[in-house]
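Numbering (the numbering used here), first residue to last: 5 to 506.
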């Protein structure tokens, strides 16, 4: 069996996922291929992972290559960890909308940043999927970790011709939080979570068969730390009746109410950790993590290697899915899949995040039925944007792209149509090198921009800094706490450790 990682230069995901996979005894003689467009990053991650393999006594030799098709050849699984455009494009996703008053914490799932990220992904996914169809093993499955997860998974299944499941750790993180505030171990709380990626709803929370959802709001408010750091999620539960998976900062971007007024954003967030709502917070920690890894890499090779331990795997779904498909051991998790009637009051073609069971027969999805009307309405507002963005990216259609921006809950709450049109042009021009499907439209956007400059009709910037922006640390500043810097660089879930509120 062969597993290929694309975007393998991502230290957090690649090393963690490979460690999880190779901790399964039945998977310790597989073939592994890494591919990336950045030879330097690929080399660093390969060195670390090969050292782990050797230290654990396995005979696997990683095939690290810049040749994507060679990596995909005969692969049974492709793990997608790419960030198209890397930090350069991500900076545009955050900084350009901020000039128009769109203050994002993350900007990789919805909102202006997520929409543009999807356009870049789709341009690359066309080639990824073609290569998988042509050279991978028949039935090769893509395990997608790249954001915007729902839109990537939607495109691959509809247009890519590659069976794709989207994977995320949001449900597990919320599950842990729910158990904590209710006073139980996570293993003792049974959940059913359903919705869309990053807006999934805990529609059932049980302990020993007793439904506890009616106690959850009070428990969240009674926890002093949670009450300070999760104001958006708590407010959403007050108004919609159910707790949502995603963190305070993530959720605040997907609805129109909490980041609409610059002078009120701080009422809903705190700055103890970026995921609680910091402006451009994820961009900051990703930048710091990459800079530290580059600087500190020689010391990583001196650290003890990762231990392959079946009982100490992370909560990432990937290794469990592959284990179940290959061995028949049943795994229950929450996965992003094409709806196909699972949630009956959301569109069949949408990608939903729902419970599933995995065994040798595949990923099996039960029927959930209707979501409660309020949560379903919140999901639909996002699904509408996702559908427009996927179709825009697949066809290079600037009108659908503009409409996705207009229908986005936060962009629409902040910007008028003229600002949205101009912002879309500015983002297309800035990200042109990653958007080949828009080549002609980008030339027209440049002409419109030049004309508006000549005529003095460009809309001036509204916000230049953001309501809750923190300083991006230099390598020297990070060196004052090397342990924290290394943890940030190494961790796939960069919100795993959450310091106290501020």
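Glycine residues also receive a C-beta, built at the ideal position from the N, C-alpha and C atoms.
Residues that DSSP places opposite residue i in a beta bridge
i: residue 335; result: 362
i: residue 39; result: 10, 69
i: residue 133; result: None; residue 133 has no bridge partner.
i: residue 208; result: 196
i: residue 490; result: The partner list for residue 490 (beta bridge, DSSP) is empty, contrary to what the question assumes.
i: residue 347; result: 373
i: residue 48; result: According to DSSP, which records beta bridges pairwise, residue 48 is partnered with nothing at all.
i: residue 203; result: 200
i: residue 323; result: Answer is none; residue 323 lacks a bridge partner.
i: residue 473; result: 283
Sequence-distant residues of its chain with Cβ nearer than 7 Å to residue i (five each side left out)
i: residue 98; result: 108, 111, 117, 284, 287
i: residue 121; result: 97, 112, 151, 152
i: residue 15; result: 49, 297, 493, 494
i: residue 76; result: 8, 82, 135, 136, 139, 140
i: residue 32; result: 26, 62
i: residue 363; result: 328, 332, 334
i: residue 245; result: 376, 378
i: residue 91; result: 290, 291, 294
i: residue 154; result: 170, 200, 201, 340, 355, 390
i: residue 463; result: 422, 423, 426
i: residue 371; result: 345, 346
Cutoff 8 Å; reference residue i; Cβ partners in own chain excluding five residues on either side
i: residue 54; result: 65, 66
i: residue 503; result: Any reading at residue 503 must be qualified, since the residue scores a pLDDT of 47, below 50, and its modelled position is unreliable; the value itself is stated next. For residue 503, where only same-chain residues beyond five positions count, the Cβ hits under 8 Å are 276, 277.
Which of helix, strand or coil DSSP assigns to residue i
i: residue 96; result: helix
i: residue 106; result: coil
i: residue 314; result: helix
i: residue 283; result: strand
i: residue 16; result: helix
i: residue 84; result: strand
i: residue 5; result: coil
i: residue 25; result: helix
i: residue 57; result: helix
i: residue 451; result: helix
i: residue 328; result: helix
i: residue 341; result: strand
i: residue 214; result: strand
i: residue 263; result: coil
i: residue 503; result: No answer about residue 503 holds up, because its pLDDT of 47 lies below 50 and its placement is not dependable.
i: residue 63; result: coil
Host alpha helix (DSSP H) of residue i (start-end)
i: residue 217; result: 217-226
i: residue 148; result: Careful: residue 148 lies outside any alpha helix (DSSP H), inside the beta strand (DSSP E) at 145-148.
i: residue 244; result: 235-244
i: residue 270; result: No alpha helix (DSSP H) contains residue 270, which DSSP labels as neither H nor E.
i: residue 439; result: No alpha helix (DSSP H) contains residue 439, which DSSP labels as neither H nor E.
i: residue 252; result: 252-257
i: residue 3; result: For the chain, the structure presents residues 5 to 506; residue 3 sits outside this window and is missing.
Own chain, CB closer than 6 Å to residue i, minus 5 neighbours either side, in chain order
i: residue 13; result: 40, 42, 45, 46, 49
i: residue 22; result: 53
i: residue 318; result: 20, 24
i: residue 430; result: 100
i: residue 489; result: 296, 482
i: residue 94; result: 287
i: residue 148; result: 84, 156, 157, 168, 170
i: residue 195; result: 179, 206, 209
CB contact below 7 Å: residue i versus chain D
i: residue 448; result: The chain inventory of the structure shown lacks chain D, comprising one protein chain alone.
heavy atom of the ligand MG below 6 Å from residue i C-beta
i: residue 330; result: Among the components of this structure there are no ligands whatsoever, and the ligand MG is therefore not found.
message: What ranges does the beta strand (DSSP E) occupy inside the stretch 154-201, keeping only unbroken runs of at least 3 residues that lie completely in it?
response: Listed in chain order, the complete beta strand (DSSP E) runs (minimum 3 residues) inside the stretch 154-201 are 168-170, 194-200.
task: Please list the segments of the beta strand (DSSP E) lying wholly inside the stretch 350-431, counting only runs of 3 or more residues, in order along the chain.
output: The beta strand (DSSP E) runs of length 3 or more contained entirely in the stretch 350-431 are, from start to end of the chain, 355-363, 366-368.
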